[in-house]
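Down below is the structure, laid out as structure tokens.
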Amino acid sequence: MTAPTRDPRDDALSSPSSTGTDSVSDEGEWLDADNQDGEDEDAVAIISLVDDRVFGDALSMIAYCKESHGLDFLAIRDRLGLDFHGSVKLINFIRQRVHEGAALPAQIELKDLEDDRYLKPVLDDDALILCLDDLPEPAAAGAGAKEGEEDGGVPPPKVDVLLQKNAELQAQLEQLAKQFNNYRLAVQTTLDQRWEATDGPAAGGDAKSAAAGEVKKAATVEAPKEKADDSAYYFESYAHNDIHEVMLKDAVRTDAYRDFIYQNKHLFAGKVVLDIGCGTGILSMFCARAGAKQVIAVDNSNIIDKARENIFHNGLGSVITTVKGKIEEVVLPVQQVDIIVSEWMGYCLLYEAMLPSVIWARDRYLAPQGLLVPSHASIWMAPVADQEYVADHINFWRDVYGFDMKPMMTGIYTDARPTVLPASSVCGSSKGGAFRFLDLHTTTVEDLVFDAPWASTLNEGVDAADVDGFLVWFDCFFAQSRDDKTVLPTSTALEWASQKKDDGLVAFTTGPFSTETHWRQGLLLVDEKNKKKQAKAVAGGAAAVVVEGGEKKPQQISGRIQFITSEGHARGVDIKVTWGLDGSDPKLDQTWLLH
Amino acid sequence: MSGDKMDIETAEQRLKALEHSEQHYFNSYNHHGIHEEMLKDEVRTRSYMNAIVQNKHLFKDKIVLDVGCGTGILSMFAVKAGAKHVIGVDMSTIIFKAREIAEVNGLSDKITFIQGKMEEIEMPFPKVDIIISEWMGYFLLYESMLDTVLYARDKYLNKDGLIFPDKATIFVAGIEDGDYKEEKIGFWDNVYGFDYSPLKETALSEPLVDTVDLKAVVTDPTPVLTLDLYKCTTADLAFSCPFDLTARRDDFIHALVAWFDIEFTACHKPIRFSTGPHTKYTHWKQTVFYLKDMLTVQQGEKVECSLHNRPNEKNKRDLDIKVQYRLETQDPTRTAEGTCLYKMC
Numbered sequence: 001m002t003a004p005t006r007d008p009r010d011d012a013l014s015s016p017s018s019t020g021t022d023s024v025s026d027e028g029e030w031l032d033a034d035n036q037d038g039e040d041e042d043a044v045a046i047i048s049l050v051d052d053r054v055f056g057d058a059l060s061m062i063a064y065c066k067e068s069h070g071l072d073f074l075a076i077r078d079r080l081g082l083d084f085h086g087s088v089k090l091i092n093f094i095r096q097r098v099h100e101g102a103a104l105p106a107q108i109e110l111k112d113l114e115d116d117r118y119l120k121p122v123l124d125d126d127a128l129i130l131c132l133d134d135l136p137e138p139a140a141a142g143a144g145a146k147e148g149e150e151d152g153g154v155p156p157p158k159v160d161v162l163l164q165k166n167a168e169l170q171a172q173l174e175q176l177a178k179q180f181n182n183y184r185l186a187v188q189t190t191l192d193q194r195w196e197a198t199d200g201p202a203a204g205g206d207a208k209s210a211a212a213g214e215v216k217k218a219a220t221v222e223a224p225k226e227k228a229d230d231s232a233y234y235f236e237s238y239a240h241n242d243i244h245e246v247m248l249k250d251a252v253r254t255d256a257y258r259d260f261i262y263q264n265k266h267l268f269a270g271k272v273v274l275d276i277g278c279g280t281g282i283l284s285m286f287c288a289r290a291g292a293k294q295v296i297a298v299d300n301s302n303i304i305d306k307a308r309e310n311i312f313h314n315g316l317g318s319v320i321t322t323v324k325g326k327i328e329e330v331v332l333p334v335q336q337v338d339i340i341v342s343e344w345m346g347y348c349l350l351y352e353a354m355l356p357s358v359i360w361a362r363d364r365y366l367a368p369q370g371l372l373v374p375s376h377a378s379i380w381m382a383p384v385a386d387q388e389y390v391a392d393h394i395n396f397w398r399d400v401y402g403f404d405m406k407p408m409m410t411g412i413y414t415d416a417r418p419t420v421l422p423a424s425s426v427c428g429s430s431k432g433g434a435f436r437f438l439d440l441h442t443t444t445v446e447d448l449v450f451d452a453p454w455a456s457t458l459n460e461g462v463d464a465a466d467v468d469g470f471l472v473w474f475d476c477f478f479a480q481s482r483d484d485k486t487v488l489p490t491s492t493a494l495e496w497a498s499q500k501k502d503d504g505l506v507a508f509t510t511g512p513f514s515t516e517t518h519w520r521q522g523l524l525l526v527d528e529k530n531k532k533k534q535a536k537a538v539a540g541g542a543a544a545v546v547v548e549g550g551e552k553k554p555q556q557i558s559g560r561i562q563f564i565t566s567e568g569h570a571r572g573v574d575i576k577v578t579w580g581l582d583g584s585d586p587k588l589d590q591t592w593l594l595h
Numbered sequence: 001m002s003g004d005k006m007d008i009e010t011a012e013q014r015l016k017a018l019e020h021s022e023q024h025y026f027n028s029y030n031h032h033g034i035h036e037e038m039l040k041d042e043v044r045t046r047s048y049m050n051a052i053v054q055n056k057h058l059f060k061d062k063i064v065l066d067v068g069c070g071t072g073i074l075s076m077f078a079v080k081a082g083a084k085h086v087i088g089v090d091m092s093t094i095i096f097k098a099r100e101i102a103e104v105n106g107l108s109d110k111i112t113f114i115q116g117k118m119e120e121i122e123m124p125f126p127k128v129d130i131i132i133s134e135w136m137g138y139f140l141l142y143e144s145m146l147d148t149v150l151y152a153r154d155k156y157l158n159k160d161g162l163i164f165p166d167k168a169t170i171f172v173a174g175i176e177d178g179d180y181k182e183e184k185i186g187f188w189d190n191v192y193g194f195d196y197s198p199l200k201e202t203a204l205s206e207p208l209v210d211t212v213d214l215k216a217v218v219t220d221p222t223p224v225l226t227l228d229l230y231k232c233t234t235a236d237l238a239f240s241c242p243f244d245l246t247a248r249r250d251d252f253i254h255a256l257v258a259w260f261d262i263e264f265t266a267c268h269k270p271i272r273f274s275t276g277p278h279t280k281y282t283h284w285k286q287t288v289f290y291l292k293d294m295l296t297v298q299q300g301e302k303v304e305c306s307l308h309n310r311p312n313e314k315n316k317r318d319l320d321i322k323v324q325y326r327l328e329t330q331d332p333t334r335t336a337e338g339t340c341l342y343k344m345c
């Protein structure tokens with residue numbers, strides 16, 4: 001909890017503007033400071049030595065580094081008596097260290113800069129290097145002893161110029177110090193508010209913070225579990241390239257976000273957007289290109305370092321601010337956002353449990369008329385029969401090169417398996433609609449744990465005894481307004497999106513009847529005991545094969561499905577299905593774990 | 001036998017002491033996928049089966065050590081081949097499954113499974129007659145257990161003992177891989193209209209494990225490392241090898257591909273298998289090292305190369321690999337030279 005207060009790096013200072021209207025009255029003033037500084041149109045963009053902040057001139061940047069991080073570039077340069085090349089090396093040395101996330105030495109020495117590789121710019125077209133000559137000369141401070149001695153005296157006109165520069169610097173420093181104090185105050189206030197909302201039993205005044213308090217309480221109950229389920233590992237798992245390559249190359253997923261954002265630029269133009277779990281920054285950059293005024297990209301994984309680089313490389317650093325940390329813990333540079341965009345979906349929609357964080361952020365930051373992208377999600381289930389799959393993955397273990405490896409089957413009937421099955425293995429309808437439908441603008445954390453009815457009519461010729469399991473998938477909808485009433489529990493993504501095709505309506509499915517996605521589907525295999533019961537029920541007449549004029553009547557399966565928070569796996573889900581044949585009381589039940 | 005002191009109770013205690021994520025691994029079917037993949041790798045499993053089961057004269061009444069036994073399949077082959085007793089050792093909790101599997105197959109009294117590090121466990125026999133192990137990783141050496149096998153050899157193998165397999169060779173060839181290089185590396189130049197070059201550098205420095213079509217191979221393959229498991233030491237795992245690649249046809253070279261062959265020379269009729277692009281698929285696939293440049297070669301021309309491999313100083317399981325290449329031609333526009341650094345991690 002202390003990290004945000006101690007770390008003033010969070011990008012509030014440089015944010016070009018804020019829509020926030022809150023208790024800190026002078027917030028707008030100091031947030032706009034940078035814009036006021038950049039009077040010239042052709043102002044250079046100098047990237048900070050210590051983070052990705054951008055400054056209009058080198059001196060402000062240097063002052064900022066000194067003030068906020070105690071890194072006094074000029075003092076180091078003068079202490080080491082660096083010439084132009086030495087200064088270039090110093091810059092690249094610092095940038096390289098920061099880039100690698102390594103700490104700088106307590107005192108940078110000449111030997112640190114020996115390596116000629118530091119002559120190579122770490123940043124392409126580093127504006128700081130280009131304007132090195134404009135920086136105040138060492139003699140000004142009187143500390144450049146070496147040069148001072150050699151030169152003997154310093155010509156008076158130079159002193160004047162330097163004194164003037166010095167005065168300017170002083171003024172800038174003062175201003176920055178003031179900004180920083182204001183910033184601190186803002187952080188303090190924000191945190192106080194949040195703690196009130198969290199701890200106090202409905203101590204907060206307005207409805208919003210009370211709501212946030214409720215949600216937070218629910219989250220607090222979860223907290224100890226989250227510790228057990230090492231969540232560091234969870235974030236760490238997103239730090240590598242591969243997983244992001246898989247997600248970016250999942251065109252169903254990435255196209256959907258791109259199409260929605262680019263085809264609805266009017267929704268994004270001039271807006272403040274929050275991207276939760278930004279990964280490589282792709283969604284943030286879509287929003288920036290679509291005209292968003294400001295995008296705040298938050299991720300707790302180290303991949304955010306790459307996001308920062310990507311954003312910079314694409315010239316979007318002035319629009320997108322990256323913030324590393326958990327959304328519940330970081331301090332955002334704004335009090336309110338117009339749009340929250342997030343790709344939070346996990347296996348069977350709710351695995352990974354990232355949605356509660358999005359809901360928390362919605363209640364905390366989203367403007368009353370704000371939009372969530374995506375806006376709706378629904379979860380579906382259909383029965384499957386797939387002898388080939390059963391032979392490959394179940395029967396396989398009964399004879400492995402002549403050995404019985406049954407013990408390896410542990411979990412095969414109790415784990416929900418992320419698997420892609422062909423459409424042909426689906427053996428019954430899901431026409432009854434989604435068993436769970438979430439309007440994300442109003443969904444609460446409590447809605448994510450549920451018990452819902454479910455039914456399916458088996459395909460012609462399929463016998464209930466043939467059912468090998470159930471397949472779970474989800475659809476995702478991107479409505480253009482939070483008041484949208486056209487997305488219904490019976491809407492499938494494909495039908496809904498095609499109704500007004502060229503009108504920026506976007507939805508996608510992860511189901512078996514469409515292109516496969518990296519989410520695959522969730523396969524729930526019926527265990528042997530229940531397979532026998534199914535066969536018995538059919539034989540015993542519960543689903544008696546009815547002959548009507550020689551035609552077999554399709555059989556029905558119906559029952560309920562529950563999503564339950566997994567014991568000991570805070571990011572997991574337990575799925576319990578109870579089912580029966582042809583409308584009889586559900587007699588069969590089985591639980592699968594998704595973790 | 002000290003191995004049998006690992007009764008259920010001790011086993012459970014050990015399980016409880018495991019890291020949470022490891023317990024999770026043990027209890028979850030989804031995380032056993034790698035063992036399913038390995039067992040279903042017929043080239044691998046069948047080669048081991050033939051090498052062991054067809055050589056009953058070598059295994060009869062012998063004490064056998066299975067290093068990194070996994071699900072215990074090789075241990076069970078050894079019992080089938082007549083071994084007097086087999087010790088299966090594995091650090092992973094999969095060994096608890098191995099024990100159950102041996103039980104189901106009525107082989108419990110013939111196999112002792114010990115969970116732990118080879119370097120730390122207490123062996124029920126002072127010496128063994130045969131070491132069997134499937135220790136190979138991607139590019140043969142990545143995350144391989146070879147150092148553990150060599151440790152076991154030096155500490156436990158009888159003077160005239162046998163090792164299955166006992167010979168491994170890494171080969172390298174040049175490949176034309178324009179389309180795929182574009183898909184894997186070029187992808188980062190334009191991700192939905194954005195420049196993702198920070199991720200491109202990472203992609204270039206990570207060798208790619210994937211299957212390569214035989215038609216893509218442009219040069220003759222050349223061996224760069226041969227390991228004789230009776231003689232080699234862990235020092236041999238850091239190696240440098242200069243070699244030439246001779247172009248078989250006029251084509252381009254975008255990358256080098258590496259694979260390995262494995263031999264069981266102790267067998268009555270030597271058994272070997274290859275993981276190269278010219279033969280059946282294995283779960284090891286091949287390893288592709290993309291070059292910065294594209295080389296334009298004519299039939300018969302030689303590309304002078306060298307490959308340097310060493311375990312990373314900080315993390316021994318990671319590999320630092322350096323490839324140098326030089327193409328000298330009459331036509332100066334095709335002359336190329338370069339050095340690429342890779343990290344398998």
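Protein chains in written order, with the UniProt record's numbering: chain A, 1 to 595; chain B, 1 to 345.
Where is the CB? At the ideal position from N, CA and C, for every residue including glycine.
Point to revise | For tryptophan 592 (chain A) and alanine 416 (chain A), the rounded distance between their alpha carbons | key: Approximately 5 angstroms, taken between the alpha carbons.
Check your understanding: Which residues mark the beginning and the end of the alpha helix (DSSP H) in which tyrosine 230 (chain B) is found?
Key -> Per DSSP, tyrosine 230 (chain B) lies in no alpha helix (DSSP H) segment and is marked neither H nor E.
Practice item. Measure from the C-beta of aspartate 404 (chain A) to each C-beta in chain B and report whether the shortest distance is under 8 angstroms. Key: At least one CB of chain B lies nearer than 8 angstroms to the CB of aspartate 404 (chain A).
Review point. Is the region 386 to 403 of chain A close to the region 496 to 507 of chain A, with three or more CB pairs under 8 angstroms?
Key: no
Check your understanding: Using DSSP with H/G/I as helix, E/B as strand and the rest coil, what is glycine 152 (chain A)?
Key -> Because the pLDDT at glycine 152 (chain A) is just 45, under 50, the model does not fix this residue reliably, and the point stays unresolved.
**Study point:** Paired residues, beta bridge with valine 573 (chain A) - DSSP
**Key:** A:Thr565, A:Leu594
Point to revise | Where serine 60 (chain A) sits in the DSSP three-state scheme | key: If DSSP states are grouped into helix, strand and coil, serine 60 (chain A) belongs with the helices.
Check your understanding: Residues bridged to glycine 469 (chain A) by DSSP?
Key -> Glycine 469 (chain A) is bridged to A:Val384, A:Leu525.
Review point. Which bits of chain A does asparagine 105 (chain B) rub up against, with CB to CB less than 7 angstroms?
Key: Phe403, Asp404
Check your understanding: How would you write the range of the beta strand (DSSP E) that asparagine 158 (chain B) sits in, first residue to last?
Key -> First-last of the beta strand (DSSP E) with asparagine 158 (chain B): 157 to 164.
Check your understanding: Would lysine 529 (chain A) count as contacting chain B if we go by Cβ distances under 8 angstroms?
Key -> no
Practice item. Can you say whether alanine 102 (chain B) is buried or exposed, counting buried as having 16 or more other CB atoms within 10 angstroms of its CB? Key: buried
Review point. Which residues in the same chain have their Cβ closer than 6 angstroms to the Cβ of methionine 145 (chain B), if we skip the five residues on either side of it in sequence?
Key: Gly68, Trp135
Point to revise | Option nearest glycine 469 (chain A) by Cα separation, candidates A:Tyr351, A:Arg364, A:Thr578 | key: It is A:Thr578 whose Cα lies nearest to the Cα of glycine 469 (chain A).
Review point. Would phenylalanine 289 (chain B) be called buried (16 or more neighbouring beta carbons within 10 Å of its own) or exposed?
Key: buried
Point to revise | serine 237 (chain A) classed as buried or exposed, judged by whether at least 16 other C-beta atoms fall within 10 angstroms | key: exposed
Point to revise | Contact residues within the region 182 to 205 of chain B, judged by C-beta distance below 8 angstroms to chain A | key: The region 182 to 205 of chain B vs chain A, Cβ under 8 angstroms: Phe187, Val191, Tyr192, Gly193, Phe194, Asp195, Tyr196, Ser197, Pro198, Leu199, Thr202, Ala203.
Review point. DSSP state of proline 242 (chain B), grouped into three classes?
Key: strand
Check your understanding: Which residues does DSSP pair with glutamate 120 (chain B) in a beta bridge?
Key -> Answer is none; glutamate 120 (chain B) lacks a bridge partner.
Point to revise | Residue ranges of each alpha helix (DSSP H) within the region 56 to 120 of chain A, 4 or longer | key: 58 to 69, 73 to 80, 84 to 100
Review point. For glycine 402 (chain A), is the classification buried or exposed, using 16 other Cβ atoms within 10 angstroms of its Cβ as the cut-off for buried?
Key: exposed
Practice item. Might you give, ordered along the chain, the residues of its own chain that have their beta carbon closer than 6 angstroms to the beta carbon of aspartate 439 (chain A), omitting 5 neighbours on each side? Key: His376
Exercise for review: Spatial neighbours of glycine 86 (chain A) within its chain, please: CB distance less than 6 angstroms, with the 5 preceding and 5 following residues excluded, ordered by chain position.
Suggested key: none
Review point. In the UniProt domain "Methyltransferase" (60 to 134) of chain B, which residues sit with their C-beta less than 7 angstroms from some C-beta in chain A, listed in chain order?
Key: Within the UniProt domain "Methyltransferase" (60 to 134) of chain B, the qualifying residues are Thr71, Ile73, Met76, Lys97, Glu100, Ile101, Val104, Asn105.
Practice item. Starting from leucine 39 (chain B), find everything on chain C with Cβ-Cβ shorter than 7 angstroms and list it in chain order. Key: The structure shown has no chain C; the protein chains it does contain are A and B.
Exercise for review: Please work out which residues of its chain come closer than 8 angstroms, Cβ to Cβ, to asparagine 105 (chain B), disregarding the five sequence neighbours upstream and downstream, and give them in chain order.
Suggested key: Met76
Check your understanding: lysine 587 (chain A) to isoleucine 34 (chain B), Cα distance in whole Å?
Key -> 36 angstroms
Practice item. Determine the chain A residues that contact threonine 45 (chain B) at a beta-carbon separation under 7 angstroms, and present them in chain order. Key: Tyr401
Practice item. Run through the region 327 to 406 of chain A for me and flag every whole alpha helix (DSSP H) of 4 or more residues, listed as ranges in chain order. Key: Runs of the alpha helix (DSSP H) spanning 4 or more residues and lying entirely within the region 327 to 406 of chain A occur at 355 to 365, 387 to 393, in chain order.
Check your understanding: What number of angstroms, rounded off, separates the C-alpha of proline 277 (chain B) from the C-alpha of valine 212 (chain B)?
Key -> 6 angstroms
Practice item. Can you give me, in chain order, the residues of the region 266 to 294 of chain A that have a beta carbon less than 9 angstroms from any beta carbon in chain B? Key: Thr280, Gly281, Ile282, Met285, Phe286, Arg289
Review point. Among A:Val462, A:Ala102, A:Ala361, which one has its Cα closest to the Cα of aspartate 305 (chain A)?
Key: A:Ala102
Review point. Touching or not, the region 489 to 503 of chain A and the region 472 to 480 of chain A, by the rule of three or more beta carbon pairs under 8 angstroms?
Key: Yes, they touch.
**Study point:** tryptophan 496 (chain A) - containing beta strand (DSSP E), residue span
**Key:** From DSSP, tryptophan 496 (chain A) is part of no beta strand (DSSP E) but of the alpha helix (DSSP H) over 493 to 498.
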